[in-house]
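Heads up, the sequence shown is in this note's numbering, so the first residue is 859 and it goes up one at a time. Don't be surprised by glycine CBs; every beta carbon is placed ideally from N, CA and C. The structure displayed is predicted, hence computed values, not measured ones. Below is one structure; the comments refer to it alone.
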Amino acid sequence: MPEQAADGQLHTGVHDDAVGHARPGTEAATLALRPVLLTGLFIVLFVGATLAGLRLYYTLTVSLPLMRPPRTFPEPRLQRAPAGDLDAFLRDQKARLAGYAWIDRDRGIARMPIDAAMARLAAEGDAGFAAPAQPEQVPPLGSRGGASSALPAPDGQPGSHQRAASEGAR
């Protein structure tokens, strides 16, 4: 059975910080308010002194203004109202996509709305996706693509078939 130690503590023979070293009632039951308040006051004074020192250093060493005026760009200024320019650009693009216009009247190239073009292609079926018919062009004799053949043509002259085709195309 453990022995009764002085002042009501049990002594177990184990000597560590948790058992048998402090007498009961040696720790104060209340918190010492003065050291806590002094520590808080010191922290507030230290932060205030640091901020005051930084402000003094800044006013003595920095001569530039806190905020620089906005830069102006040299002429020509490209956009004075970017939002309005964007709106005008988008309106123009939508008008181009939704309207009809000639691109090259001589060659028969026109612009049409996307929906109308898709409907037209769908109505034509597979023929709408075929390549347009191109007239066959025969290069003139002696050119890289139109060298005359060593085989005789039906009229007996070498290369006469190509010559007749190219003269007929003119």
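Reduced DSSP secondary structure (H/G/I, E/B, other) of residue i
i	result
R814	Since the first and last residues shown for the chain are 859 and 1028, residue 814 lies out of range.
D962	strand
R926	coil
A968	strand
G983	helix
F904	helix
L999	coil
Q1020	Residue confidence for Q1020 is low, a pLDDT of 49 falling below 50, so the modelled location carries little weight; the figure read from the coordinates is stated next. Residue state, collapsed to three classes: helix.
A910	helix
T888	coil
E994	coil
F931	coil
G957	coil
Distance between residue j and residue i (C-alpha atoms, nearest Å)
i	j	result
R949	D964	28 Å
Q992	G957	29 Å
L924	A953	48 Å
L891	F900	14 Å
Y970	Q951	The question names Tyr, but residue 970 in the sequence shown is Met. So the two alpha carbons sit approximately 13 Å from each other.
P932	R926	18 Å
T908	Y915	10 Å
L895	A941	59 Å
L889	A910	33 Å
V920	R929	21 Å
Q995	P934	52 Å
A939	P990	46 Å
G906	G898	12 Å
L922	I961	58 Å
F947	G986	32 Å
P893	F904	16 Å
G983	A977	10 Å
L979	G966	17 Å
CB contact check: residue i to chain C, cutoff 8 Å
i	result
D962	Absent from the structure is chain C; it holds one protein chain and no more.
Supposed close pair residue i, residue j - CB separation, criterion 8 Å
i	j	result
Q937	D945	About 12 Å; that fails the 8 Å criterion.
A968	A959	7 Å
I972	L955	6 Å
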